[in-house]
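Trainee: Before anything else, here's the structure in question.
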Amino acid sequence: LFQDNDDDPEFENEIEKEKKYGIAGKYASSVVAFEGKSSSETELYSLGTSRIQNKREHGYSHTVFKSPHHLLALQSTNNAFPESRYLWLHRDPVKVVGSCCSMNLTVLDYFSALYQDKHELGKRTLNRLANSVRVAVAARKQLERRGVEFVDVLYEDLKADSIGTIKRIYDEFNMHFSDEYAANLERFNLDAAILKAKNKNSTSSSTSTHAYAIEEFGLSESDVKDAFDDYIRLFPRIVEST
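Residue numbering for the sequence shown follows this note's numbering, beginning at 1418 and increasing consecutively.
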């Protein structure tokens, strides 16, 4: 790649920008601002309130923010949405770290002009994920002391009995779980099972199973468990259930 592009000024410029600003900075065309000034996380989350209100006016009972990045902003999301409640989905950290390493490598292959050492990528991914969980657990403890609700769900339970697990979530949040919604979930599961069966019989690489191993990224199970030690002690079933 580098030999083929040594004399390409545009390619060299991309490398220099990535070295200076990182991948995100290289592709950012503007800085997010709120009313012409630097924004706090709470202010940025608050920008979504009008969309939520619009959904409520159209009959939606609730809105779900679904992203692991919210782990680092639990206080801010609660400041912006004081009535918010939190569903914490737990999965074995060894599998999470392996999956994220593989995903990050794929993203970097597409967007980065620089060579990425897999072992360095593994170390960086592990540190960032472990730190995110530490920050989130500390924020959760503060929010719970203020009466904010959290419900814990194991990924393995969701896989084994998705409808039963979702019903438990609704019950714990004191929300109505209708027969119509249960039927919709049944249809969703059936469609997903049919698609999975089709993909299993397909030889297309686009439908192949996502395969990864943490050893490929210079990590071991003990490395991951040591980094997530406090988290695993709080929620031991995340490793016991796998």
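Positions of the beta carbon are idealized from the N, C-alpha and C atoms, including for glycine.
Small disclaimer: the values here were computed from a predicted structure and weren't measured.
Restricting to Cα atoms, I'd like to know which of Arg1545, Leu1651, Glu1458 is closest to Lys1558.
Mentor: Leu1651
Trainee: Grouping DSSP H, G and I as helix and E and B as strand, with all else coil, what is His1479?
Mentor: coil
Trainee: Need the endpoints of the beta strand (DSSP E) that Asp1534 sits in, please.
Mentor: Per DSSP, Asp1534 belongs to no beta strand (DSSP E) and is neither H nor E.
Trainee: Using the Cβ count rule (16 or more neighbours within 10 Å means buried), how would you classify Tyr1477?
Mentor: exposed
Trainee: Out of Tyr1527, Arg1563, Asp1534, Asn1521, which one is the CA nearest neighbour of Leu1546?
Mentor: Asn1521
Trainee: With three or more C-beta pairs closer than 8 Å as the rule, is the segment 1491-1511 touching the segment 1599-1608?
Mentor: no
Trainee: Using a Cβ-Cβ cut-off of 8 Å (strictly less than) and excluding sequence neighbours within five positions of Arg1654, which residues of its own chain qualify?
Mentor: His1507, Leu1571
Trainee: As a quick exercise: from Phe1634, Glu1566, Asn1548, pick the residue whose alpha carbon is nearest that of Phe1645.
Mentor: Asn1548
Trainee: Using beta-carbon positions only, say whether Cys1517 and Ile1631 come within less than 8 Å of one another.
Mentor: no
Trainee: Measuring alpha carbon to alpha carbon, tell me which residue in His1486, Thr1582, His1475, Ala1577 is nearest Glu1553.
Mentor: Note on identity: in this sequence residue 1553 is Ala, with Glu being the wrong assignment. Minimum Cα distance to Ala1553 is reached at His1486.
Trainee: Roughly how many angstroms lie between the CA atoms of Asn1591 and Lys1615, to the nearest whole one?
Mentor: 38 Å
Trainee: Checking 8 Å against the spacing of the C-beta atoms, do Val1511 and Leu1543 come in under that value?
Mentor: no
Trainee: Taking 8 Å as the cut-off, decide whether the C-beta atoms of Leu1636 and Gly1564 are in contact.
Mentor: no
Trainee: Per DSSP, what kind of secondary structure is Phe1498 in: helix, strand or coil?
Mentor: Here Phe1498 carries a coil assignment [DSSP, helix/strand/coil].
Trainee: Assign Leu1491 to one of two classes, buried (16 or more other C-beta atoms within 10 Å of its C-beta) or exposed (fewer than that).
Mentor: buried
Trainee: Can you tell me whether Ala1556 is buried or exposed, with buried defined as 16 or more other CB within 10 angstroms of its CB?
Mentor: The residue is buried, with at least 16 neighbouring Cβ atoms inside 10 Å.
Trainee: Considering only C-alpha positions, which residue in the set Thr1494, Arg1541, Ser1579 is nearest to Leu1560?
Mentor: For Leu1560, the nearest C-alpha among the options comes from Thr1494.
Trainee: Between which two residues does the beta strand (DSSP E) containing Asp1569 stretch?
Mentor: 1567-1571
Trainee: Quick one: grab the DSSP three-state call for His1593.
Mentor: coil
Trainee: What does the alpha-carbon distance come out to for the pair Tyr1629 and Val1524?
Mentor: 15 Å
Trainee: Beta-carbon within less than 7 Å of Ser1380's beta-carbon, same chain only, minus the 5 sequence neighbours each way: which residues are those?
Mentor: Only positions 1418 to 1659 of the chain appear in the structure, and residue 1380 is not among them; the question remains open.
Trainee: Report buried or exposed for Val1481, applying the criterion of at least 16 other Cβ atoms within 10 angstroms of its Cβ.
Mentor: exposed
Trainee: Can you name the start and end residues of the alpha helix (DSSP H) that Tyr1462 belongs to?
Mentor: 1458-1463
Trainee: Quick check on DSSP: helix, strand or coil for Leu1522?
Mentor: helix
Trainee: Between which residues of its own chain and Glu1458 is the CB-CB distance below 6 Å, once the five residues before and five after are set aside?
Mentor: Ala1490, Ser1493
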